[in-house]
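These protein sequences, in sequence, are chains H and E.
Our numbering puts the first residue of the first sequence at 1, with every later residue one more than the last.
Our numbering puts the first residue of the second sequence at 1001, with every later residue one more than the last.
C-beta: ideal position from N, C-alpha, C; glycine also.
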Amino acid sequence: MDTEKDFAAKIKSAIEPARGVGDRELRNSFATRLRLVAARPDVVPIEFNGERVEVRRGGTLLGAAIKNGVRLMHVCGARTLCATCRVVVESGEDNLTPMRGTEKFSLRWHLSVSPRTRLACQARVNGPVEVESVFPLCGELPNG
Amino acid sequence: MKSLDAQTSETDLVARLKAGDEDAAHEFFDRYAARIRRFIANSLGAAADEADDILQETFIALADALPFFRGDSSLFTFACAIAHRKVLSLIRTNARRARLMRGASMAEHAGLRDTGADREFNRALAELRPEHREVLLLKYVEEIGVSEIALISGISEHAVESRLARARKALRKALKEE
Chain H
1 MDTEKDFAAK
11 IKSAIEPARG
21 VGDRELRNSF
31 ATRLRLVAAR
41 PDVVPIEFNG
51 ERVEVRRGGT
61 LLGAAIKNGV
71 RLMHVCGART
81 LCATCRVVVE
91 SGEDNLTPMR
101 GTEKFSLRWH
111 LSVSPRTRLA
121 CQARVNGPVE
131 VESVFPLCGE
141 LPNG
Chain E
1001 MKSLDAQTSE
1011 TDLVARLKAG
1021 DEDAAHEFFD
1031 RYAARIRRFI
1041 ANSLGAAADE
1051 ADDILQETFI
1061 ALADALPFFR
1071 GDSSLFTFAC
1081 AIAHRKVLSL
1091 IRTNARRARL
1101 MRGASMAEHA
1111 GLRDTGADRE
1121 FNRALAELRP
1131 EHREVLLLKY
1141 VEEIGVSEIA
1151 LISGISEHAV
1161 ESRLARARKA
1171 LRKALKEE
């Protein structure tokens, strides 16, 4: 293993060449999935505290709020630590991505949590949804 | 460095994929699936059927993520970054698998040749830590640049260079010990 070139050649010879993946089912399901994704609209409407905004599909509720000037509190910077961005989902729960372990863990430690409570920094939007923030928006605080 | 034609054809392929074109999906699958599967198998170091499961998850996630692909990297890099996260997720959620990854029978699982003139080299490579093997594969087999490896692994370019140096050192050390 004298030079970089020899080193690369040895590694190349040690790794098996990429063999074709003969999974026809996966090949077809990938094509079907792509077609379905392409057919979905990229922009979805959501309501924050009654205010209607349009957001990009796949983004977080918090990101959508910030981009649209809704000053949702997020003290920890979207790291699932503070839960100040938590919202209650009024409708369209199924249009949010499922709750992951970190979000569940964070919500366990806070009061005023209902089964419809989500962290806006973690929930991603897949379709129309209506939410109410648990904390007042930043502009509504005395020193906001 | 990719030629202008290759770049144009990839741009065209991305546009067709985003539009949900079936032929483009098949073209992408035929062009990249084998390389992505090899990347997964080497990163995972687990049994082949687990690599197939991850490959399946990767392609589904890729279809969902494609509308957000901005063209900052190549499509292969984008797919590998998704596969990398799927592999990490599997490792994290199953510590037992993580222990298996360092098992002695790595060569038969990790897509490494157990035959040929340089058995010691192959064994030493198989016994490397998965992240070291992964970075060596991307650099020397897939011939991907440091910046794209950084995108796949979710670390800085400087960290990639350090990891590459550590991987080479670990491989050399393993070879000396044998």
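Proximal residues of chain H, C-beta to C-beta of isoleucine 1060 (chain E) below 8 angstroms: Ser29, Phe30 and Arg33
Own chain partners of cysteine 1080 (chain E) with C-beta closer than 6 angstroms, once the 5 adjacent residues on each side are dropped: Phe1039 and Ile1152
Local conformation of valine 55 (chain H) per DSSP, three classes: strand
Cβ shell of valine 70 (chain H) (< 6 angstroms), same chain only, five flanking positions each side left out: Phe48
Glutamate 130 (chain H) beta carbon near the ligand NAD (any heavy atom closer than 6 angstroms): Among the components modelled here there is no ligand, and therefore nothing to report on the ligand NAD.
Neighbourhood of proline 17 (chain H) by C-beta distance below 7 angstroms, restricted to the same chain and skipping five residues each side: none
Through-space distance from alanine 1063 (chain E) to glycine 1020 (chain E), alpha-carbon basis: 9 angstroms
Whether leucine 72 (chain H) touches serine 133 (chain H) by CB criterion (7 angstroms): yes
For alanine 83 (chain H) and isoleucine 1054 (chain E), the rounded distance between their alpha carbons: 32 angstroms
First and last residue of the uninterrupted beta strand (DSSP E) at isoleucine 45 (chain H): Looking at the sequence itself, residue 45 (chain H) is proline, so the reference to isoleucine does not match. Taken as a continuous stretch (DSSP letters only), the beta strand (DSSP E) holding proline 45 (chain H) covers 43 to 48.
Counted within 10 angstroms of its Cβ, other Cβ atoms place alanine 9 (chain H) as buried (16 or more) or exposed: exposed
Under 8 angstroms from the C-beta of glycine 1020 (chain E): neighbouring residues of chain B: Absent here is chain B; the protein component of the structure consists of chains H and E.
Residues of its chain near isoleucine 1036 (chain E), where Cβ-Cβ distance is below 7 angstroms and the 5 sequence neighbours each way are ignored: Leu1055, Thr1058, Ala1079, Cys1080 and Ala1083
Test: alanine 1015 (chain E) CB closer than 7 angstroms to a CB of chain H: no
Classification of histidine 74 (chain H) by the beta-carbon crowding that lies within 10 angstroms, buried from 16 upward: buried
Cα-Cα separation between arginine 1133 (chain E) and arginine 1070 (chain E), rounded to whole angstroms: 28 angstroms
Buried or exposed by the 16-neighbour rule on C-beta atoms within 10 Å, applied to proline 1130 (chain E): buried
Beta strand (DSSP E) segment containing glutamate 90 (chain H), residue limits: 86 to 91
Alpha carbon of alanine 1024 (chain E) to alpha carbon of tyrosine 1032 (chain E), nearest angstrom: 12 angstroms
Touching by the beta-carbon criterion (3+ pairs, under 8 angstroms), the stretch 38 to 55 of chain H and the stretch 1153 to 1166 of chain E: no
Beta-bridge pairing of arginine 118 (chain H) - partner residues as DSSP gives them: H:Val87
Cysteine 138 (chain H), buried or exposed, once every other Cβ within 10 Å from all chains shown has been counted against 16: exposed
According to DSSP, residues forming a beta bridge with arginine 124 (chain H): H:Thr60
According to DSSP, residues forming a beta bridge with serine 133 (chain H): H:Val87
Supposed contact pair valine 129 (chain H) and serine 91 (chain H) - C-beta distance, whole angstroms, cut 8 angstroms: 7 angstroms
Residue closest to valine 1087 (chain E), alpha-carbon to alpha-carbon, out of E:Leu1044, E:Pro1067 and E:Arg1123: E:Leu1044
Burial state of glutamate 1148 (chain E) (16 or more Cβ within 10 Å): buried
Proximity winner among H:Pro45, H:Ala31 and H:Ile46, relative to alanine 39 (chain H) (alpha-carbon distances): H:Ala31
Cβ-Cβ separation, valine 88 (chain H) to valine 131 (chain H) (assumed contact under 8 angstroms), whole Å: 7 angstroms
Nearest-angstrom Cα separation, counted from threonine 80 (chain H) out to arginine 118 (chain H): 11 angstroms
Helix, strand or coil at leucine 36 (chain H) according to DSSP, with G and I counted as helix: helix
Proximity of leucine 1090 (chain E) and alanine 14 (chain H) at Cβ, strictly below 7 angstroms: no
Where valine 58 (chain H) meets chain E, residues with beta-carbon distance less than 9 angstroms: Checking the sequence shown, residue 58 (chain H) turns out to be glycine, not valine. Ordered by position in chain E, the residues that pass the 9 angstroms Cβ test against glycine 58 (chain H) are Asp1064, Ala1065, Pro1067 and Phe1068.
Backbone secondary structure at isoleucine 1144 (chain E) - three-state DSSP: coil
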